[in-house]
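Participant:
There are 2 protein chains.
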Amino acid sequence: MRYSHQREAIKKIVQNTNCHPTADWIFNQTKIIIPNISLGTVYRNLKLLEEEGEMNTIYDGNIARYDWNTESHDHLKCKECGDLVDVHLVHEEFTSKVKRKFKFDVDNVEMTVIGTCSKHA
Amino acid sequence: MRYSHQREAIKKIVQNTNCHPTADWIFNQTKIIIPNISLGTVYRNLKLLEEEGEMNTIYDGNIARYDWNTESHDHLKCKECGDLVDVHLVHEEFTSKVKRKFKFDVDNVEMTVIGTCSKHA
DNA sequence: TCTATAACTAGTAATAATTCCTATTACTAG
DNA sequence: CTAGTAATAGGAATTATTACTAGTTATAGA
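Sequences listed follow chains A and B, in order.
For what it's worth, this note's numbering labels the leading residue of the first sequence as 1387, then goes sequentially.
For what it's worth, this note's numbering labels the leading residue of the second sequence as 1387, then goes sequentially.
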């Protein structure tokens, strides 16, 4: 993959946030550095970065959010504040259980737990 | 909620399929019975039916799919054939574990296991 | 049965999220 | 350095969904 100023900027922005930004948020942040960048470039590079294993796409309802945390993990989503928090819930034995029970080869588990966080209980 | 011919048709169509149809698929099926139905009507009624607890919305990447199975359940998604199969993987003890560990009140768990089904291994 | 009314509809326009297309640019080999 | 070419960029187009409006229909009560 060839070097690109735009891609580097996008990568840094995502890596320096703890929220799980949408493409639009990343686009607006990148515009501060590269004012004439286009949204298409943001999407394309996010996809490229994901393919390179530098990033993860998570779906919050039907909108994509991007996560620099590429370790396998899950999310707690508070319906009050919308906060999305990283947690590790699905373990190795789960994968082998699914394999055994359903003859299904697991690549990846996407889990979002929806509820109320301690701040809003 | 008042009776509506259109809503009844939509409900029957979703309840009689084992696939997890998109709004567009449901729209096309409903058109066979009610040729001049509009896509907006389909979306509005799917939302109403979900609020009534007659249906569930699941998100497959960034498109919505509808599921008559309102029991809490999970999905196996084959990356080869795109098939989405209902399974029951998340149990009661999981919910209480999350509550204990993260002080997080669980309403609902959305889990999709992505991998390869036995037909495409 | 008839009427009032509030929920509903089709159709269209708007919005939001994402992908596609074509000119431009960076890099490589000569 | 220059030409060739493949990756990249910006903007237009597409897709999915929601909002709006004017007309229609189910249903409760007179």
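Glycine is no exception: its CB is placed at the ideal position from the N, C-alpha and C atoms.
From the DSSP output, which residues share a beta bridge with GLU1496 of chain A?
Facilitator: Residue numbering aside, residue 1496 of chain A sits at position 110 when the first sequence is read from its first letter. Note: GLU1496 of chain A sits in a beta bridge opposite B:THR1498.
Participant: In angstroms with no decimal places, state the Cα-to-Cα distance between ALA1450 of chain B and TYR1445 of chain A.
Facilitator: Residue numbering aside, residue 1450 of chain B sits at position 64 when the second sequence is read from its first letter. Residue numbering aside, residue 1445 of chain A sits at position 59 when the first sequence is read from its first letter. Cα-Cα distance, rounded: 11 Å.
Participant: Relative to the C-alpha of PRO1407 of chain A, which residue among A:ASN1431, A:THR1443, A:ALA1395, A:SER1424 is closest?
Facilitator: Your numbering for residue 1407 of chain A matches position 21 in the first sequence. Among A:ASN1431, A:THR1443, A:ALA1395, A:SER1424, the Cα nearest to that of PRO1407 of chain A belongs to A:THR1443.
Participant: Within 10 Å of its beta-carbon, does THR1456 of chain B have 16 or more other beta-carbons around it, so buried, or fewer, so exposed?
Facilitator: What you label residue 1456 of chain B is simply residue 70 of the second sequence in a count that begins at 1. With fewer than 16 other Cβ atoms within 10 Å, it is exposed.
Participant: Restricting to Cα atoms, I'd like to know which of A:CYS1467, A:LYS1465, A:LEU1434 is closest to TYR1452 of chain A.
Facilitator: The residue labelled residue 1452 of chain A in the question sits at position 66 within the first sequence. Minimum Cα distance to TYR1452 of chain A is reached at A:LEU1434.
Participant: Just to check my reading of the structure: LYS1485 of chain A and ASP1491 of chain A have Cβ atoms closer than 8 Å, yes? What is that Cβ distance to the nearest angstrom?
Facilitator: Against the first sequence, residue 1485 of chain A aligns to sequence position 99. Against the first sequence, residue 1491 of chain A aligns to sequence position 105. Right, their Cβ atoms sit about 6 Å apart.
Participant: Beta carbons nearer than 8 Å to chain A: which residues of the region 1407 to 1424 of chain B have them?
Facilitator: Against chain A - using a Cβ distance shorter than 8 Å - the region 1407 to 1424 of chain B contributes no residues.
Participant: Would you say the region 1390 to 1410 of chain A touches the region 1420 to 1439 of chain A, given that touching needs at least three Cβ pairs under 8 Å?
Facilitator: Short answer: they touch.
Participant: Take MET1497 of chain A as the anchor and find which of B:CYS1467, B:HIS1461, B:LYS1483 has the nearest alpha-carbon.
Facilitator: Along the first sequence, read from residue 1 onward, the residue named residue 1497 of chain A stands at position 111. Comparing Cα positions, the closest option is B:HIS1461.
Participant: Output needed for VAL1495 of chain B: all residues of its chain with C-beta closer than 8 Å, excluding positions within five of it in sequence on either side, in chain order.
Facilitator: Numbered from 1 along the second sequence, position 109 holds the residue referred to as residue 1495 of chain B. Once the five neighbours on either side are set aside, the close Cβ partners of VAL1495 of chain B are SER1458, ASP1460, VAL1476, PHE1480, THR1481.
Participant: Are the C-beta atoms of GLN1445 of chain B and some chain A residue less than 8 Å apart?
Facilitator: Against the second sequence, residue 1445 of chain B aligns to sequence position 59. In the sequence as presented, Gln is not what sits at residue 1445 of chain B; that position holds Tyr. Judged by the 8 Å Cβ criterion, TYR1445 of chain B is in contact with chain A.
Participant: Report the option in B:GLN1401, B:LYS1487, B:THR1416, B:ASP1472 whose CA atom is closest to the CA atom of GLU1436 of chain B.
Facilitator: One-based indexing of the second sequence puts residue 1436 of chain B at position 50. Closest by alpha carbon: B:GLN1401.
Participant: Applying the criterion that 16 or more other CB atoms from any shown protein chain within 10 Å of the CB defines a buried residue, is ALA1507 of chain B buried or exposed?
Facilitator: Stepping through the second sequence from its first residue, residue 1507 of chain B is reached at position 121. Burial call: exposed.
Participant: Give the DSSP-derived three-state secondary structure of ALA1409 of chain A in the structure shown.
Facilitator: To locate residue 1409 of chain A, count along the first sequence from 1; it is residue 23. Looking at ALA1409 of chain A - three-state DSSP - the assignment turns out to be helix.
Participant: Using the beta-carbon count (16 or more within 10 Å), is ILE1418 of chain B buried or exposed?
Facilitator: Looking up residue 1418 of chain B in the second sequence gives position 32. With fewer than 16 other Cβ atoms within 10 Å, it is exposed.
Participant: Does DSSP put HIS1506 of chain B in a helix, in a strand, or in coil?
Facilitator: Counting from one through the second sequence, the residue named residue 1506 of chain B turns up at place 120. It is helical.
Participant: Among A:ALA1395, A:ILE1399, A:PRO1421, A:VAL1473, which has the Cα closest to the Cα of CYS1503 of chain A?
Facilitator: Within the first sequence, residue 1503 of chain A is the residue found at index 117, counting from 1. The option with the nearest alpha carbon to CYS1503 of chain A is A:VAL1473.
Participant: For the beta strand (DSSP E) holding LYS1463 of chain A, just list the boundary residues, first then last.
Facilitator: Locating residue 1463 of chain A in the first sequence gives position 77, counting from the first residue. Unbroken beta strand (DSSP E) run through LYS1463 of chain A: 1460 to 1464.
Participant: Could you pull out every residue in the same chain whose Cβ sits closer than 8 Å to the Cβ of ILE1412 of chain B, ignoring the five residues on either side in sequence?
Facilitator: Taking the second sequence and counting its residues from 1, one reaches residue 1412 of chain B at position 26. The answer, listed in chain order, is ILE1396, ILE1399, VAL1400, VAL1428, LEU1432, TYR1452.
Participant: Using a Cβ-Cβ cut-off of 8 Å, state whether ASP1491 of chain A counts as contacting chain B.
Facilitator: The residue labelled residue 1491 of chain A in the question sits at position 105 within the first sequence. With 8 Å as the cut-off, ASP1491 of chain A counts as an interface residue toward chain B.
Participant: Measuring straight from C-alpha to C-alpha, what distance separates GLY1439 of chain A and THR1416 of chain B?
Facilitator: Counting from 1 along the first sequence, the entry for residue 1439 of chain A is found at position 53. Counting from 1 along the second sequence, the entry for residue 1416 of chain B is found at position 30. For GLY1439 of chain A and THR1416 of chain B, the distance between alpha carbons rounds to 42 Å.
Participant: Which one or two residues does DSSP pair with ILE1449 of chain A in a beta bridge?
Facilitator: Along the first sequence, one-based indexing puts residue 1449 of chain A at 63. A:ASP1446.
Participant: Going by DSSP, which residues form a beta bridge with LEU1470 of chain B?
Facilitator: In the second sequence, residue 1470 of chain B corresponds to position 84, counting from 1. BP columns for LEU1470 of chain B point to B:LYS1463.
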